[in-house]
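In what follows, a structure is listed as structure tokens, so that the remarks can point back to it.
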């Protein structure tokens, strides 16, 4: 009996679906070109960041480093100059963390709450509200910049950490709400009804039932928000204030600060350091990301 | 245990009226089945009793208390849904105790109730499992358990067996009936399955288009349907209808009527003496009996015969109808005519 239930025969694999030879060659040629296109700049950055300046001066952009050194990385992190301060990019890193963590948590919590309220409680005018929120997602930041500056200044939040966190939370709201609303639309309504009969109110059903069920979509939201807010430049530049400038703004300052020779290796190292967080997020969460999207798409 | 009384109930969704001026009384300890095709308003009615939908007009009383505008949790109800609706992140024990924890019952009381319900439903070995680790039948048992621990006055069931396969469905159906006998609680049960309605109900309410067509004991509704819709909806295969003229007693004038006769009241006789011209077109063997489909002068008719293979397709048979157990309907309105069919003349097309 058990022999019958063994492995499925491997007939279906390969065979007829394989592409004819010339098409296959073309496919690989395209894939190779694409990888070179994306990998070459990365290689140049990596190679340059570990070369001493003497080697860079020779101008061989694609040459492998002869005398490898991590000194540019140390300098970028600890002592590169942004304007007058020479503390390296680490202050920017700390600032970015201080901005990203509360912004991500707040925008996800509020987005989930919005999505939950819109899909289960359906208050009067919910549809109109949702449309307005969505419209917000399509209006370019620049249009809203000046009014927001005035509004934050009036609230006394302009140029402060709470100010920039508030801005990121606001700008995250449309997409987060959309994400969670769509996820909760896939949750059977009977589940909500059962919880209502069990006596759950608005907050309890959200906190004890819906939020714990939302893990896959929360992971997706974290990835979107962390990378998005980390990579933000203009909002940080305008709203964060001098003491809270995020890493991206600091990076720009480092690269634009020239006293004598342009330190390409330090610039490259600083750039790589700045992009490290989104990179790690994608590498660590790649599988989760796909799982989250799939869970949202083919639910039920 | 409590009675449920619904008066002049009106419910609308958006601009369409689903129920209007509906009256229904459910007695204490009764198993009432709301039966009807999809879209007839039976689920809407149940959800309104539960407080999940708002009544636009009329009132709902449970146990003599007006709960028309009460919150679902304050109505003393427990409900079981078609999709089980178990909380996926909680294990069986926490699923059952959720409502009790919300209500803030003491821990000892919660444990006692969950233990009792899980023993009744044989869920003890599954208490630590998550819903995803349960089979369909087990999930629905947990859902029933969740309603039981609430010690509700009225239990509401919204097509609870529809998602189960045929074998499990009959099994759980029996368990539900046993549960009702044991608890003696008032139960309201929504289904579109007439077999479930017949087997479970102490009374059936057949619904169509937001109105209750007939309400009564299953046997009564089956034997004396109030109109052609009820007659056709209950029973499988459904009732045969023949148009013609009926006389109530000898001497009275014949009136146009539709004769409704159930397949089990149509007897087949070999030969063609009694009712010439009935030809067997199709035979569906059911094991214990067979359904014989006849072509009777252009009319399609079903009869139930013992599984003897005596009437093969193509055979010409005699048909004998038990007129005493037939029903007569008005051909225009479809409403039952209360005359004993003393004579009936078939009117060919």
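Chains as they are written, first to last, in the numbering used here: chain L, 122 to 421; chain D, -11 to 337.
All C-beta atoms, glycine included, are put in the ideal place defined by N, C-alpha and C.
Rounded straight-line distance, which links the Cα of residue 244(D) to that of residue 306(D): Against the second chain, residue 306(D) aligns to sequence position 318. Against the second chain, residue 244(D) aligns to sequence position 256. Taking the Cα positions, residue 306(D) is about 25 Å away from residue 244(D).
Same chain only: Cβ atoms within 6 Å of residue 313(L), ignoring 5 sequence neighbours per side: Within the first chain, residue 313(L) is the residue found at index 192, counting from 1. Once the five neighbours on either side are set aside, the close Cβ partners of residue 313(L) are 241.
Proximal residues, the region 292 to 319 of chain L versus chain D, C-beta separation under 8 Å: Flagged, chain order: 309, 311, 312, 314, 315, 316, 317, 318, 319.
Proximity of residue 11(D) and residue 37(D) at Cβ, strictly below 8 Å: Along the second chain, read from residue 1 onward, the residue named residue 11(D) stands at position 23. Along the second chain, read from residue 1 onward, the residue named residue 37(D) stands at position 49. No, Cβ-Cβ distance for residue 11(D) and residue 37(D) is not below 8 Å.
Cβ of residue 223(L) within 8 Å of any chain D Cβ: Within the first chain, numbered from 1, the residue matching residue 223(L) stands at position 102. Not closer than 8 Å to any Cβ of chain D, the Cβ of residue 223(L) fails to qualify, so no.
Beta-carbon gap between residue 346(L) and residue 225(L) smaller than 8 Å: Taking the first chain and counting its residues from 1, the one referred to as residue 346(L) is at position 225. Taking the first chain and counting its residues from 1, the one referred to as residue 225(L) is at position 104. Contact flag set, yes.
Cβ pair count under 8 Å reaching 3, the region 210 to 217 of chain D against the region 191 to 201 of chain D: Touching, per the Cβ criterion.
Buried or exposed (CB count within 10 angstroms, at least 16 for buried), residue 184(L): In the first chain, counting from the first residue as 1, residue 184(L) sits at position 63. Residue burial annotation: residue 184(L) is exposed, with fewer than 16 other C-beta atoms found within 10 angstroms of its C-beta.
Within chain L, the residues that residue 87(D) reaches when beta carbons sit closer than 7 Å: Along the second chain, read from residue 1 onward, the residue named residue 87(D) stands at position 99. At a C-beta separation below 7 Å, residue 87(D) has these neighbours in chain L: 319, 320.
Secondary structure of residue 252(D), DSSP reduced to three states: Position 264 of the second chain, counted from the first residue, corresponds to residue 252(D). Secondary structure at residue 252(D): helix, using DSSP grouped into helix, strand and coil.
Whole-angstrom C-beta distance between residue 18(D) and residue 129(D), which should lie under 8 Å: Taking the first residue of the second chain as 1, we reach residue 129(D) at position 141. Taking the first residue of the second chain as 1, we reach residue 18(D) at position 30. Taking 8 Å as the upper bound for CB-CB distance, residue 129(D) and residue 18(D) are not in contact here, some 23 Å apart.
Within-8 Å CB hit, residue 333(L) to chain D: Counting from 1 along the first chain, the entry for residue 333(L) is found at position 212. Yes - at least one Cβ of chain D is within 8 Å of the one on residue 333(L).
C-alpha gap between residue 277(D) and residue 290(D), whole angstroms: Mapped onto the second chain, residue 277(D) falls at position 289. Mapped onto the second chain, residue 290(D) falls at position 302. Pairing residue 277(D) with residue 290(D), the inter-Cα distance amounts to about 13 Å.
Members of the region 88 to 110 of chain D near chain L, C-beta cut-off 8 Å: Of all residues in the region 88 to 110 of chain D, 90, 91 have a Cβ within less than 8 Å of some Cβ in chain L.
Nearest neighbour of residue 28(D), chosen from 294(D), 218(D), 241(D) [CA to CA]: To locate residue 28(D), count along the second chain from 1; it is residue 40. Out of 294(D), 218(D), 241(D), 218(D) has the C-alpha closest to the C-alpha of residue 28(D).
8 Å Cβ cutoff, residue 330(L) in contact with chain D: Looking up residue 330(L) in the first chain gives position 209. Output row for residue 330(L): interface = yes.
Strand pairing of residue 287(D), partner residues [DSSP]: Along the second chain, one-based indexing puts residue 287(D) at 299. The bridge partners DSSP lists for residue 287(D) are 284(D).
Where residue 65(D) meets chain L, residues with beta-carbon distance less than 8 Å: Sequence index remark: in the second chain, residue 65(D) carries index 77 (1-based). Listed along chain L are 318, each with a C-beta nearer than 8 Å to that of residue 65(D).
Candidates 298(L), 223(L), 197(L): closest to residue 256(L) by CA position: To locate residue 256(L), count along the first chain from 1; it is residue 135. When the alpha-carbon of residue 256(L) is set against those of 298(L), 223(L), 197(L), the nearest one is in 298(L).
Cβ neighbour criterion (16 or more within 10 Å) applied to residue 182(L): The sequence position of residue 182(L) within the first chain is 61, counting from 1. With a 10 Å radius around the Cβ and a threshold of 16 neighbouring Cβ atoms, residue 182(L) comes out exposed.
CB-CB length for residue 76(D) against residue 265(L), believed under 8 Å: As a working note, residue 76(D) is residue 88 in the second chain. As a working note, residue 265(L) is residue 144 in the first chain. With a beta-carbon spacing of about 39 Å, residue 76(D) and residue 265(L) fall beyond the 8 Å limit used to define contacts.
Pair within 8 Å by beta-carbon distance, residue 39(D) and residue 59(D): What you label residue 39(D) is simply residue 51 of the second chain in a count that begins at 1. What you label residue 59(D) is simply residue 71 of the second chain in a count that begins at 1. Residue 39(D) is a Cβ neighbour of residue 59(D), given a cutoff of 8 Å.
Residues sharing a beta bridge with residue 316(D), DSSP: Position 328 of the second chain, counted from the first residue, corresponds to residue 316(D). Per DSSP, 247(D), 325(D).
Beta-ladder partner(s) of residue 373(L), from DSSP: As a working note, residue 373(L) is residue 252 in the first chain. According to DSSP, which records beta bridges pairwise, residue 373(L) is partnered with nothing at all.
Neighbour list for residue 363(L) in chain D, Cβ cutoff strictly below 7 Å: As a working mapping, residue 363(L) is identified with position 242 in the first chain. Those do not exist, as residue 363(L) stays about 45 Å from chain D at its closest Cβ, beyond 7 Å.
Residue 112(D) in three-state terms, based on DSSP: Stepping through the second chain from its first residue, residue 112(D) is reached at position 124. Three-state result, residue 112(D): helix.
Residue 323(L) burial status per 10 Å Cβ neighbour count (16 or more: buried): Start at 1 with the first residue of the first chain, and residue 323(L) comes out as number 202. With fewer than 16 other CB atoms across the displayed protein chains lying within 10 angstroms of its CB, residue 323(L) is exposed.
Beta-carbon separation (whole angstroms), residue 182(D) vs residue 222(D), contact threshold 8 Å: Here residue 182(D) is taken as the residue at index 194 of the second chain, counted from 1. Here residue 222(D) is taken as the residue at index 234 of the second chain, counted from 1. The distance from the Cβ of residue 182(D) to that of residue 222(D) is about 5 Å, consistent with a contact at the 8 Å cut-off.
Contact check, residue 217(L) vs residue 351(L), beta carbons under 8 Å: Reading the first chain from its first residue, position 96 is the one you call residue 217(L). Reading the first chain from its first residue, position 230 is the one you call residue 351(L). Cβ distance < 8 Å, so residue 217(L) and residue 351(L) count as in contact.
CB contact below 8 Å: residue 210(D) versus chain L: The residue labelled residue 210(D) in the question sits at position 222 within the second chain. Not one chain L Cβ lies under 8 Å of residue 210(D).
DSSP-derived helix/strand/coil call for residue 421(L): Along the first chain, one-based indexing puts residue 421(L) at 300. Annotation note: pLDDT 35 at residue 421(L) (below 50); position unreliable, coordinate value reported separately. If DSSP states are grouped into helix, strand and coil, residue 421(L) belongs with coil.
Environment of residue 356(L) [buried if 16+ CB atoms lie within 10 Å]: Counting from 1 along the first chain, the entry for residue 356(L) is found at position 235. That one is buried.
Cβ-based burial, residue 316(L) [other Cβ within 10 Å; buried from 16]: Stepping through the first chain from its first residue, residue 316(L) is reached at position 195. Buried, since its Cβ has 16 or more Cβ neighbours within 10 Å.
Separation of residue 287(D) from residue 229(D), as counted between CA atoms: Position 241 of the second chain, counted from the start, is the residue given in the question as residue 229(D). Position 299 of the second chain, counted from the start, is the residue given in the question as residue 287(D). So the two alpha carbons sit approximately 9 Å from each other.
Residue-level contact to chain D via CB, residue 408(L), 8 Å cutoff: Here the question's residue 408(L) lines up with position 287 in the first chain. Between residue 408(L) and chain D, the shortest Cβ-Cβ separation is not below 8 Å.
Residues from the region 31 to 45 of chain D in contact with chain L, defined by Cβ distance under 9 Å: Under the 9 Å Cβ criterion, the region 31 to 45 of chain D contributes 35, 38, 39, 40.
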